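To start, the structure under review is shown below, and the notes come after it.
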Amino acid sequence: MFIEKILALDYRVMAFPPPECCMPVKIDLDICDGCGECETVCPVLAIVVKTKAQVIEEACTKCGICIEKCPLSALLLDSVVAV
Ligand code: SF4
Ligand code: SF4
0 MFIEKILALD YRVMAFPPPE CCMPVKIDLD ICDGCGECET VCPVLAIVVK
50 TKAQVIEEAC TKCGICIEKC PLSALLLDSV VAV
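Residue 0 is where the sequence shown starts when you use numbering that gives the first Met the number 0, and the numbers rise one by one after that.
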């Protein structure tokens with residue numbers, strides 16, 4: 000039973016690889032108004048907002064929360080797959 004759960008998890012990981020492997024978060028600075036919402040919701044403090052938002056790429060886990068919360072849709076996922 001336990002091994003079946005492990006195998007099922009492995010299958011899901013292979014079928015749906017974690018987004019951090021292929022979808023870096025990008026900010027459209029022409030759209031961002033510096034409201035700070037993304038900085039507030041980021042669970043790992045990977046966004047700093049002064050006049051505009053800036054992602055600290057080394058800290059970002061690509062969870063996508065900031066993308067959902069940005070009121071101006073200024074945060075994007077880069078869909079280019081890294082190889
Ligand atoms: S939530 Fe959107 S508009 Fe606000 S600072 Fe972040 S990226 Fe800019
Ligand atoms: S994707 Fe997640 S970890 Fe990365 S900046 Fe946005 S909220 Fe933070």
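All C-beta atoms in this analysis are idealised placements derived from N, C-alpha and C, irrespective of residue type, glycine included.
Predicted model, so just to flag it, every value in this text is computed and none were measured.
Residue pairing by DSSP places A73 opposite no residue, since no beta bridge is assigned to it.
DSSP places I46 within a strand segment (E or B) once states are collapsed to three.
Between V24 and L74 a beta carbon distance of about 6 Å is seen, short of the 8 Å cut, so the two are scored as contacting. Note: K51 is not bridge-paired with any residue in the DSSP secondary-structure output.
Taking the C-beta atoms as reference points, I64 is found no nearer than 8 Å to L76.
Set against 7 Å, the gap from the CB of K61 to the closest heavy atom of ligand 2 is smaller. For K68, the enclosing alpha helix (DSSP H) has its first and last residue at 64-68. V24 is bridged by DSSP to L76. Boundaries of the alpha helix (DSSP H) harbouring C37: 36-40, taken from the DSSP string.
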